[in-house]
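Colleague:
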Amino acid sequence: MNTSSEPRRATPVVPAIPVLEDAVSPTRTPVVPVEVSLARRAPTLARVIEPTVVEPVVAPLIALPAVEELEPVRAVPVLKRHRLALARRVRAVASPGFFHSIYLLIEWVFGAAALLVALAVLAALPVLQFLSLGYLLESAARVARSGRLRDGFFGMRTAARLGGIVLGSWLLLLPVRYVADVAHTARIIDPTGRAADGWRTGLLVLIGITAVHIATVCARGGKLRYFLWPFNSVWVVLRVARGGFYAESRDAVWDFVTSLRLPYYFWLGFRGFIGAVSWLLIPISMIAAGRAQAHVPIAGTVAFFGACLLALVLLYLPFLQTRIAVTNRLSAVWNVLEVRREFRRAPYAFAFAFVATLLFALPLYLLKIQIVPREAAWLPSLVFIAFIFPARLWTGWAMSRAARRPAPRHWFFRWTARLPLLPAAAFYVLIVFFTQYTSWNGVWSLYEQHAFLVPVPFFGL
Numbered sequence: 016m017n018t019s020s021e022p023r024r025a026t027p028v029v030p031a032i033p034v035l036e037d038a039v040s041p042t043r044t045p046v047v048p049v050e051v052s053l054a055r056r057a058p059t060l061a062r063v064i065e066p067t068v069v070e071p072v073v074a075p076l077i078a079l080p081a082v083e084e085l086e087p088v089r090a091v092p093v094l095k096r097h098r099l100a101l102a103r104r105v106r107a108v109a110s111p112g113f114f115h116s117i118y119l120l121i122e123w124v125f126g127a128a129a130l131l132v133a134l135a136v137l138a139a140l141p142v143l144q145f146l147s148l149g150y151l152l153e154s155a156a157r158v159a160r161s162g163r164l165r166d167g168f169f170g171m172r173t174a175a176r177l178g179g180i181v182l183g184s185w186l187l188l189l190p191v192r193y194v195a196d197v198a199h200t201a202r203i204i205d206p207t208g209r210a211a212d213g214w215r216t217g218l219l220v221l222i223g224i225t226a227v228h229i230a231t232v233c234a235r236g237g238k239l240r241y242f243l244w245p246f247n248s249v250w251v252v253l254r255v256a257r258g259g260f261y262a263e264s265r266d267a268v269w270d271f272v273t274s275l276r277l278p279y280y281f282w283l284g285f286r287g288f289i290g291a292v293s294w295l296l297i298p299i300s301m302i303a304a305g306r307a308q309a310h311v312p313i314a315g316t317v318a319f320f321g322a323c324l325l326a327l328v329l330l331y332l333p334f335l336q337t338r339i340a341v342t343n344r345l346s347a348v349w350n351v352l353e354v355r356r357e358f359r360r361a362p363y364a365f366a367f368a369f370v371a372t373l374l375f376a377l378p379l380y381l382l383k384i385q386i387v388p389r390e391a392a393w394l395p396s397l398v399f400i401a402f403i404f405p406a407r408l409w410t411g412w413a414m415s416r417a418a419r420r421p422a423p424r425h426w427f428f429r430w431t432a433r434l435p436l437l438p439a440a441a442f443y444v445l446i447v448f449f450t451q452y453t454s455w456n457g458v459w460s461l462y463e464q465h466a467f468l469v470p471v472p473f474f475g476l
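Counting from 16, one number per residue, gives the positions in the sequence shown under the numbering used here.
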């Protein structure tokens, strides 16, 4: 207590500094605050109130185990660690998911090959060739909507199932063909002999067994592995005994047929054909008139203007035809201004797709120099599908890039992208002009514009 007669002034109070607890102490050490009064103007130091000192409580030490009592850590050799890592990788590779992925990949590749052959066969048949053209246009439209090239490959699983049925049936019919050939030979040698009768009876029995086996495979789903299993009829009998097999099979077949969307692809291909013909008919007819009316003085001039008009039409036709599938409207084939606006937004993509479409259409003209028999008409169609299908996908990809960009590109890119367009169109028109002298069909080959129409026209069959 201060006994000075001077009035006390307010002095700052220094906060108490806590004393840290001992890490091993189970109890707390009490903390006593220390208050120090400092006289700012007093010549002597104020009396300090000393805190009460409390002895800390020290907890007893915990005895640690001796070094020899600790279990030593065993170090894994480097070679053993590598073996363990390799074993984990082998287990990951040998997992059912890995083999299932390999199976799906093989099925997809087989379906792509089967689809390619199916489109080639359809393209060689009158009327049904619109299905092939419709599928190509739909592939380009799907890429144009999504911007992903993989979206243009659809229907591979369905094609794999149908291709498996066709391939398995063809393999099962090989013994039938061999026995039929032997039976025919035996009948020629000795029509009334026992050997001819035996081979004929064996042929009938083999045909019945093969037909039943193919039917039971189709009843089980038509997978290719079922053709190698000889007891499919047992499964069918047990399934029929449970009941409801007919209704289930009927609904499955109907759902499968409707999933093919054949009317949609046919109608789409027909509209794409009509749209292309409406653009190509006039310039192609002008070129054809130049040769048919060669004795007329202005025939050459008409053919020249027809070639120039054809080159101008080619600049827009691939994209106009794709717009039919994108918008699902035939009137989109005459919307030239929209194609010009899309070109301004993706000039290089449009130039690449256009040049690829024309260049990939040229190899098929080489196959038209010699006439192809009707039995092998699908072979040129196979070349047609193999070259035109990627060009269709690139056309859809170019349109998707234009759809994602709201503003036109710089004028430098637009004008430099125009540089290869006219030379490519002129070169294609030149090849088309000379095909009337090299093709088997003569002047009618000018109308075989397989880059935009169907590969085998009606008059070529």
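Backbone N, C-alpha and C define an ideal beta-carbon position, used for all residues, glycine too.
By how many angstroms is the C-alpha of Phe467 removed from the C-alpha of Leu327?
Modeller: As a working mapping, residue 327 is identified with position 312 in the sequence shown. As a working mapping, residue 467 is identified with position 452 in the sequence shown. Distance between the alpha carbons of Leu327 and Phe467: 15 Å.
Colleague: Kindly indicate which residue of Thr450, Arg356 and Arg235 has the alpha-carbon position closest to the one of Met414.
Modeller: Taking the sequence shown and counting its residues from 1, the one referred to as residue 414 is at position 399. The residue with the shortest Cα to Cα distance from Met414 is Arg356.
Colleague: Take Tyr380 and list the residues in its own chain whose beta-carbon comes closer than 7 Å to its own, dropping the five residues that flank it on each side.
Modeller: What you label residue 380 is simply residue 365 of the sequence shown in a count that begins at 1. Correct list, in chain order: Ile446 and Thr450.
Colleague: Return the CA-CA distance between Pro298 and Val142, expressed in angstroms with no decimal places.
Modeller: Taking the sequence shown and counting its residues from 1, one reaches residue 298 at position 283. Taking the sequence shown and counting its residues from 1, one reaches residue 142 at position 127. One C-alpha to the other measures close to 25 Å.
Colleague: Would you mind sorting His425 into buried or exposed? The rule is 16 or more other CB atoms within 10 Å of its CB.
Modeller: On the sequence shown, residue 425 is found 410 positions in, with the first residue counted as 1. Result: exposed.
Colleague: On the criterion of 16 or more Cβ atoms from any shown chain inside 10 Å, does Gly183 qualify as buried, or is it exposed?
Modeller: Counting from 1 along the sequence shown, the entry for residue 183 is found at position 168. Buried is the call here.
Colleague: Give me the residue from Val249, Gly208, Phe369 and Arg209 with the minimum Cα distance to Val227.
Modeller: Here the question's residue 227 lines up with position 212 in the sequence shown. Out of Val249, Gly208, Phe369 and Arg209, Val249 has the C-alpha closest to the C-alpha of Val227.
Colleague: Rounded to the nearest angstrom, what separates Val351 and Ile222 at their Cα positions?
Modeller: For the purposes of this step, residue 351 is identified with residue 336 of the sequence shown, where counting begins at 1. For the purposes of this step, residue 222 is identified with residue 207 of the sequence shown, where counting begins at 1. Val351 and Ile222: Cα-Cα distance of roughly 59 Å.
Colleague: Starting from the C-beta of Val458, find all residues in its chain whose C-beta is less than 8 Å away, skip the five residues before and the five after it, and write them out in chain order.
Modeller: Numbered from its first residue, the sequence shown carries residue 458 at position 443. Once the five neighbours on either side are set aside, the close Cβ partners of Val458 are Ala303, Arg306, Ala307 and Gln451.
Colleague: Check the Cβ-Cβ distances between Asn343 and every residue of chain D, and say whether any is below 8 Å.
Modeller: Absent from the structure: chain D. Only one protein chain is present.
Colleague: Under 8 Å, with one C-beta from each stretch per pair, do the region 261-280 and the region 207-216 reach the 3-pair mark?
Modeller: No, the region 261-280 does not touch the region 207-216.
Colleague: Let me check understanding here. Comparing Cα to Cα, which of Val158, Arg344, Gly315 and Ile289 lies closest to Trp409?
Modeller: Numbered from 1 along the sequence shown, position 394 holds the residue referred to as residue 409. Of the candidates Val158, Arg344, Gly315 and Ile289, the one whose C-alpha sits nearest the C-alpha of Trp409 is Val158.
Colleague: If we call anything under 8 Å between Cβ atoms a contact, is Pro378 one with Arg429?
Modeller: Here residue 378 is taken as the residue at index 363 of the sequence shown, counted from 1. Here residue 429 is taken as the residue at index 414 of the sequence shown, counted from 1. No, Cβ-Cβ distance for Pro378 and Arg429 is not below 8 Å.
Colleague: For Thr337, count the other beta carbons within 10 Å of its own beta carbon; 16 or more makes it buried, fewer makes it exposed. Which is it?
Modeller: Within the sequence shown, numbered from 1, the residue matching residue 337 stands at position 322. Thr337 should be labelled buried.
Colleague: Relative to the C-alpha of Ala128, which residue among Ser264, Val181 and Phe114 is closest?
Modeller: Locating residue 128 in the sequence shown gives position 113, counting from the first residue. Closest option to Ala128, Cα to Cα, is Val181.
Colleague: Cβ of Phe367 within 8 Å of Cβ of Ala406?
Modeller: For the purposes of this step, residue 367 is taken as residue 352 along the sequence shown, with counting starting at 1. For the purposes of this step, residue 406 is taken as residue 391 along the sequence shown, with counting starting at 1. Cβ atoms of Phe367 and Ala406: not closer than 8 Å.
Colleague: Select from Ala133, Tyr193, Leu140 and Val191 the residue whose C-alpha is nearest the C-alpha of Ala175.
Modeller: Stepping through the sequence shown from its first residue, residue 175 is reached at position 160. Of the candidates Ala133, Tyr193, Leu140 and Val191, the one whose C-alpha sits nearest the C-alpha of Ala175 is Ala133.
Colleague: Find out if the Cβ-Cβ distance for the pair Ser147, Leu131 is shorter than 8 Å.
Modeller: To locate residue 147, count along the sequence shown from 1; it is residue 132. To locate residue 131, count along the sequence shown from 1; it is residue 116. The Cβ atoms of Ser147 and Leu131 do not sit closer than 8 Å to each other.
Colleague: State the Cα-Cα distance for the pair Gln385 and Leu397, rounded to the nearest angstrom.
Modeller: To locate residue 385, count along the sequence shown from 1; it is residue 370. To locate residue 397, count along the sequence shown from 1; it is residue 382. Cα to Cα, the separation comes out at about 17 Å.
Colleague: Below 8 Å between beta carbons: does that hold for Gly167 and Ala155?
Modeller: To locate residue 167, count along the sequence shown from 1; it is residue 152. To locate residue 155, count along the sequence shown from 1; it is residue 140. Closer than 8 Å, so yes.
Colleague: Under the assumption that Leu152 contacts Gly287 (Cβ atoms under 8 Å), give the Cβ distance between them as a whole number of angstroms.
Modeller: Residue mapping note: residue 152 aligns to position 137 of the sequence shown, counting from 1. Residue mapping note: residue 287 aligns to position 272 of the sequence shown, counting from 1. Between Leu152 and Gly287, the beta carbon gap of about 5 Å places them in contact (Cβ cut-off 8 Å).
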